[in-house]
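Chemist: Chains as they are written, first to last, in this note's numbering: chain A, -7 to 224; chain B, 16 to 270. Note that the Cβ used here is the ideal one computed from N, Cα and C, for glycine as well. Submitted below is the structure of interest, expressed as structure tokens.
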Ligand SMILES: [Fe+2]
Ligand SMILES: [Fe+2]
């Protein structure tokens, strides 16, 4: 579906300027031509817009995760020393996720979510707030967040693997290397998020009181945040 | 409103240039550098506009000099809908061309992957862009007044192009880019600097526009400092909040 909407055609169907628009895209030099043969046709507008969203929402999500763990660590590390290494390990992974998407955002020239100050504040309050209730509540928060994020990453992986077969100038069809590497990154992060989910359950997230209220509430907040960060 | 603001973000994801074929069009224009439109409009910008100003006569003059039929005028204007507020769709295209082409010329030949020391400073790029206006400086007020008319042209072309200019100036300079709200405030600051410098330039009578460049440097310096103020504010709020949580914790622990 993303494949079918090519940039200009979707806007104006009538190709009236084709002769005027003709260019020497395939250059005169033979070396340049053979180089061009191996290149992909540009991403469609829809595909570029999709990648734009992916980078923005994942950056915002990892920013949130980073700050949630910061909040949990801030409250729990001194009181519950046995949780310290567990939290530290997950937090370190989130920092790595966050940094990865930060550099993608700058390199791919994607605008960050407009609400970054709010994401920072909200995530920190969510992490610290649940941790103040109890360590179990903090783990329930992790469980809820990672459930939503895991599902969200799976959805992206499905789209990235289905919708990005692009034609090359030499006629062959393949996925551009940068889309492949983005897919690999997201796959690795998804696996790590699911590890966090398991860690949370191992640390009695299900014993949190009030479990349902916490997890369902946080899931709802996360979904709303994802929706917003994709767009704004 | 949301749709409108989305236009600003359209096509912002930049794929690796080396993996893809070059697009056949230049930026948001519907033609590339080898097209007839490009030839006519760049001739108009270089030769005719300094004589006739920004109007249809300038384009017609270029068509005559290049020995092209005057019917080309309607080809050139074809990507713009007629508008009550603007005089002519061909003029709109000329202005669009002026914005897009000069933006590309400002950063042409710069490799953004190069080390920071080899990249130009933000200030030098801003001045370079302003210098490109020099041949048409006396006509700048015409462009500015056209660009200021509220309507679809402003929202779909003028503002996005201004944003892209700030974005390019940042991306191709050694200025640090941001991953949070500062991304917006910095671009906004650069856009404001650019527009006010252009306004200044349209009135500037000094030799070689030295006053304009002085104005631009000073203004840029001032707004970038403001950006610092913003970041400091955010950090301070953050610190305040951490202390607040600590306080809440100690209150709760006491029961
Ligand atoms: Fe993560
Ligand atoms: Fe996580």
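Whole angstroms is fine: what's the gap from residue 204(A)'s alpha carbon to residue 78(A)'s?
Modeler: Answer to the nearest angstrom: the Cα atoms are 24 Å apart.
Chemist: Between 155(A), 149(A), 57(A), which has its C-alpha nearest residue 36(A)'s C-alpha?
Modeler: Among 155(A), 149(A), 57(A), the Cα nearest to that of residue 36(A) belongs to 155(A).
Chemist: Express the C-alpha separation of residue 138(B) and residue 194(B) in angstroms, rounding to a whole number.
Modeler: So the two alpha carbons sit approximately 21 Å from each other.
Chemist: Hey, how far is the Cα of residue 240(B) from the Cα of residue 123(B)?
Modeler: Those two C-alpha atoms are separated by around 28 Å.
Chemist: Can you list, in chain order, the residues of its chain whose CB lies under 6 Å from that of residue 160(A), leaving out five sequence neighbours each side?
Modeler: So the list reads 32, once near-sequence residues are dropped.
Chemist: Could you name the residues of chain A that residue 29(B) contacts, counting a contact when the two beta carbons are closer than 7 Å?
Modeler: Chain A residues near residue 29(B): 100, 101.
Chemist: Starting from the N-terminal end, write out each residue whose C-beta falls within a distance shorter than 6 Å of any non-hydrogen atom of ligand 3.
Modeler: Of the ligands one can find in the structure shown, namely ligand 1 and ligand 2, none is ligand 3.
Chemist: Take the Cβ of residue 66(B) as the centre, count every other Cβ of all protein chains shown within 10 Å, and call the residue buried at 16 or more, exposed below.
Modeler: It counts as exposed.
Chemist: Looking at the structure shown, is residue 197(A) part of a helix, part of a strand, or coil, going by DSSP?
Modeler: Correct three-state label for residue 197(A): helix.
Chemist: With a CB to CB cut of under 6 Å and the five nearest residues on each side skipped, what residues in its chain are close to residue 219(B)?
Modeler: Around residue 219(B): 226, 227.
Chemist: Pull up the distance between the alpha-carbon of residue 190(A) and that of residue 133(B), whole angstroms please.
Modeler: When rounded, the distance between both Cα atoms is 48 Å.
Chemist: Sorted by chain position, which residues of the same chain lie with C-beta nearer than 6 Å to residue 55(B)'s C-beta, five sequence neighbours on each side aside?
Modeler: The answer, listed in chain order, is 77.
Chemist: Say whether the segment 177 to 190 of chain A touches the segment 74 to 91 of chain A, bearing in mind that this needs 3 or more beta-carbon pairs closer than 8 Å, one atom from each stretch.
Modeler: The segment 177 to 190 of chain A vs the segment 74 to 91 of chain A: in contact.
Chemist: Just to make sure I have the definition right: I need the residues of chain B whose C-beta is within less than 8 Å of the C-beta of residue 66(A). Which are they?
Modeler: Chain B residues near residue 66(A): 257, 260.
Chemist: According to DSSP, simplified to helix, strand and coil, what is residue 236(B)?
Modeler: It is helical.
Chemist: To the nearest angstrom, report how far apart residue 124(A) and residue 151(A) are at their CA atoms.
Modeler: Cα-Cα distance, rounded: 39 Å.
Chemist: Judging by CA-CA distance, which residue of 102(A), 129(A), 97(A) is the nearest neighbour of residue 209(A)?
Modeler: Here the closest residue by C-alpha is 129(A).
Chemist: Using only the heavy atoms of ligand 2, determine whether one of them is closer than 7 Å to the beta carbon of residue 301(B).
Modeler: Missing from the structure shown is residue 301(B); chain B here goes from 16 to 270 and no further.
Chemist: Given that a residue counts as buried once 16 or more other Cβ atoms are within 10 Å of its Cβ, and exposed if not, what is residue 18(A)?
Modeler: Note on residue 18(A): pLDDT 43, under 50, position unreliable in the model; no value is reported.
Chemist: Would you give the residue range spanned by the alpha helix (DSSP H) that residue 33(A) belongs to?
Modeler: It is not in any alpha helix (DSSP H) - residue 33(A) carries neither H nor E in the DSSP assignment.
Chemist: Can you give the Cα-Cα distance for residue 97(B) and residue 48(B), rounded to whole angstroms?
Modeler: C-alpha separation (whole angstroms): 25 Å.
Chemist: What alpha helix (DSSP H) runs, 4 residues minimum, are completely inside the segment 38 to 82 of chain B?
Modeler: The segment 38 to 82 of chain B contains these whole alpha helix (DSSP H) runs: 51 to 58, 64 to 67, 71 to 80.
Chemist: What does a CB cutoff of less than 6 Å around residue 34(A) pick up in its chain, not counting 5 residues either side in sequence?
Modeler: There are no such residues.
Chemist: Using CA coordinates, which residue listed in 94(A), 72(A), 63(A) is at the minimum distance from residue 46(A)?
Modeler: Nearest option by C-alpha distance: 94(A).
Chemist: For residue 188(A), verify whether its CB is less than 7 Å away from any heavy atom of ligand 2.
Modeler: Residue 188(A): yes, Cβ under 7 Å from ligand 2.
Chemist: Counting only Cβ-Cβ distances shorter than 8 Å, please list the residues of the segment 167 to 198 of chain A near chain B, keeping chain order.
Modeler: Within the segment 167 to 198 of chain A, the qualifying residues are 168, 169, 170.
Chemist: Confirm the yes/no value for this check: CB of residue 138(A), any heavy atom of ligand 2, distance under 7 Å.
Modeler: Yes, Cβ of residue 138(A) sits closer than 7 Å to a heavy atom of ligand 2.
Chemist: To which residues of the same chain is residue 29(A) closer than 8 Å at the C-beta, ignoring the five residues directly before and after it?
Modeler: Within the same chain, residue 29(A) has close Cβ partners 160, 161, 162.
Chemist: If we define contact as Cβ-Cβ less than 8 Å, is residue 36(B) a contact residue for chain A?
Modeler: Yes - at least one Cβ of chain A is within 8 Å of the one on residue 36(B).
Chemist: For ligand 2, any of its heavy atoms closer than 7 Å to the Cβ of residue 141(A)?
Modeler: Yes, ligand 2 has a heavy atom inside 7 Å of this Cβ.
Chemist: Closer than 8 Å is the cut-off here; do at least three beta carbon pairs connect the segment 95 to 103 of chain A with the segment 186 to 205 of chain B?
Modeler: Touching, yes.
Chemist: Residue 31(A) versus chain B: which residues are under 7 Å apart at the beta carbon?
Modeler: Residues of chain B passing the Cβ test: 34, 35, 36.
Chemist: What residues of chain A sit near residue 249(B), judged by a beta carbon separation below 7 Å?
Modeler: Correct list: 109.
Chemist: Can you pull out the residues from the segment 36 to 49 of chain A whose beta carbon lies closer than 8 Å to at least one beta carbon of chain B?
Modeler: Listed by position along the chain: 37, 40, 41, 43, 44, 47.
Chemist: Taking all protein chains shown into account, decide if residue 119(B) is buried (16 or more other Cβ within 10 angstroms of its Cβ) or exposed.
Modeler: With fewer than 16 other Cβ atoms within 10 Å, it is exposed.
Chemist: What residues in its chain sit with their C-beta under 6 Å from that of residue 91(B), if we drop five residues either side in the sequence?
Modeler: Cβ neighbours of residue 91(B) beyond the five flanking positions: 52, 105, 108.
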